[in-house]
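Read through the structure below, which is laid out as structure tokens, and then see the notes.
In the UniProt record's numbering, the protein residues as written are 1 to 136.
Right under this line is the structure:
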């Protein structure tokens with residue numbers, strides 16, 4: 001019975017964490033659409049690494065510069081699926097796929113992969129891979 005209770009508690013904690021992470025990802029995409037200059041301080045730390053398409057970007061300052069250099073103005077991000085897996089040391093791997101719209105009627109498919117690490121009472125993006133995806 002005790003084992004069952006511990007398993008149920010673990011599932012509840014996992015569901016709460018997944019819900020928190022899904023909210024954090026939704027918030028991230030809202031900020032990406034409206035306030036790109038806030039992304040780095042809010043979601044990334046100094047040691048974060050991002051691959052944008054095939055370009056490796058190292059550190060929060062360089063990630064900030066990359067976001068500020070993007071030309072889109074009216075970006076709408078529509079996540080279609082979010083998958084979350086716990087990994088070692090309280091970290092989480094998150095895979096997102098969805099569509100981007102830049103004021104046109106033609107959605108562009110994308111995929112995003114995040115490794116989030118605990119920092120204090122929050123989670124920050126340690127590693128991030130973004131890719132525009134097309135059908136082969």
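Glycine included, C-beta positions come from ideal geometry on N, C-alpha and C.
Query                                                                                : Result
Best match in 123, 48, 63, 81 for proximity to residue 110 [C-alpha to C-alpha]      : 81
Buried/exposed call for residue 84, threshold 16 Cβ in 10 Å                          : buried
Inter-residue Cα distance where the pair is residue 102 and residue 129              : 20 Å
Among 79, 39, 24, nearest to residue 61 - alpha-carbon criterion                     : 39
Beta-carbon proximity check, residue 17 vs residue 94, cutoff 8 Å                    : no
Beta carbon of residue 41 nearer than 8 Å to that of residue 48                      : no
Inter-residue CB distance, residue 132 and residue 53 (contact presumed, cutoff 8 Å) : 7 Å
Distance cut-off 7 Å: residue 50 Cβ against heavy atoms of the ligand MG             : The model depicted lacks the ligand MG and carries no ligand whatsoever.
Alpha carbon of residue 86 to alpha carbon of residue 92, nearest angstrom           : 5 Å
Reference residue 28; option with closest CA among 134, 120, 113, 121                : 113
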